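> Be aware that the sequence shown starts at 188, since it is given in our numbering, and climbs by one per residue. No residue lacks a Cβ here, since even glycine has one placed at the ideal position from N, Cα and C. Note that this is a predicted model, so its numbers are computed, not measured.
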Amino acid sequence: MSSSENQETPNGRLNNTFRHSSPSSSNDGWKKRILIPTLLAGVAGAGTGLISKHRKSLGLANVSASYATNFAIITGCYCGAREFVIATRKTGPEDLWSSGIAGFGSGALLGRFYGGQFGAVRYSVIFAVVGTTADYTILKLKDVWRDYSTTTYQNFENAKKNENLLRLPEWFPIKILDEEALAAKRAQEEQFLAQRERIRSLRENGDS
């Protein structure tokens with residue numbers, strides 16, 4: 188073990204921490220952006236096989252497995268190519284140019300295997316358009332969800348501070364009355380009961 192590794196200065200500790208934590212965070216990013224989409228694509232492919240028109244002739248299990256495998260391979264190749272492009276260009280997941288380049292490259296590779304030269308051209312364009320559109324949509328949905336979560340949390344905190352957690356909307360037919368409204372309603376009820384008692388007593392006196 189070298190002397191530089193045994194240094195106990197703040198800079199040394201910072202460098203060691205960075206050296207040990209950076210690969211872990213990088214691996215987590217790769218898992219989220221490659222492994223999870225690939226698994227979700229496999230599940231979606233299996234679901235597509237359940238409604239395929241070929242399930243009766245070829246068998247439900249075979250069709251579902253075939254769709255799941257193809258979807259997983261396509262998604263895994265695209266996501267892997269995208270991560271390679273991102274690492275090469277030293278950009279982030281938000282860079283849609285990396286998505287387009289990855290879609291073009293992975294589509295050309297898979298299209299070459301499945302459809303020859305014409306398939307390479309066609310699949311490269313399809314993968315580039317579909318992959319970029321999907322990544323753009325996911326980024327927008329993340330922004331919308333982040334804004335919605337922030338707004339909801341702020342509204343909850345504001346309502347909690349103002350003690351308005353139990354306030355019902357204005358259009359709700361049942362209203363929760365405050366102390367003044369309850370006192371006024373109680374006074375109206377007592378006045379109505381007193382008037383009804385006087386009317387009853389007058390009727391009894393008239394009958395007698």
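Are the Cβ atoms of Tyr254 and Gly236 separated by less than 8 Å?
yes
> The alpha helix (DSSP H) with Lys243 in it runs from where to where?
242 to 245
> Quick check: Ser286 and Thr319, are their CB atoms within less than 8 Å of each other?
yes
> For Asp322, which residues in the same chain have their Cβ closer than 7 Å to its Cβ, ignoring the five residues on either side in sequence?
Leu283, Ser286
> Pick helix, strand or coil for Ile386, following the three-state DSSP scheme.
helix
> Could you tell me the alpha carbon to alpha carbon distance between Ala315 and Asn345, rounded to whole angstroms?
Rounded to the nearest angstrom, the gap between the Cα atoms of Ala315 and Asn345 is 45 Å.
> Mind checking whether Ile298 and Arg309 have CB atoms under 8 Å apart?
The sequence given here places Gly at residue 298; Ile does not occur at that position. With contacts defined as CB atoms closer than 8 Å, Gly298 and Arg309 qualify as a contacting pair.
> Going along the chain, which residues of its own chain have a beta-carbon closer than 8 Å to the beta-carbon of Glu384, five neighbours each way excluded?
none
> Based on Cα-Cα distance, which residue from Leu245, Lys219, Asn249, Pro224 lies nearest to Ala233?
Among Leu245, Lys219, Asn249, Pro224, the Cα nearest to that of Ala233 is on Asn249.
> To the nearest angstrom, how far is the alpha carbon of Phe343 from that of Ser336?
The alpha-carbon of Phe343 is positioned some 10 Å away from that of Ser336.
> Classify Asp282 as helix, strand or coil using the three-state DSSP reduction.
coil
> Measure from the C-beta of Gln341 to each C-beta in chain B and report whether the shortest distance is under 8 Å.
This model lacks chain B altogether, as it is built from one protein chain only.
> Does Tyr265 pass the burial test, meaning 16 or more other C-beta atoms within 10 Å, or should it be called exposed?
Counting Cβ neighbours within 10 Å, Tyr265 comes out buried, since at least 16 surround it.
> Among Gly290, Glu281, Ile238, Ala381, which has the Cα closest to the Cα of Lys329?
Glu281
> So, helix, strand or coil for Ser336, using DSSP?
helix
> Can you grab the Cα-Cα spacing for the pair Ala307 / Tyr301, in whole Å?
8 Å
> Throw me the rounded Cβ distance for the Ile288 and Val272 pair, which I believe falls under 8 Å.
5 Å
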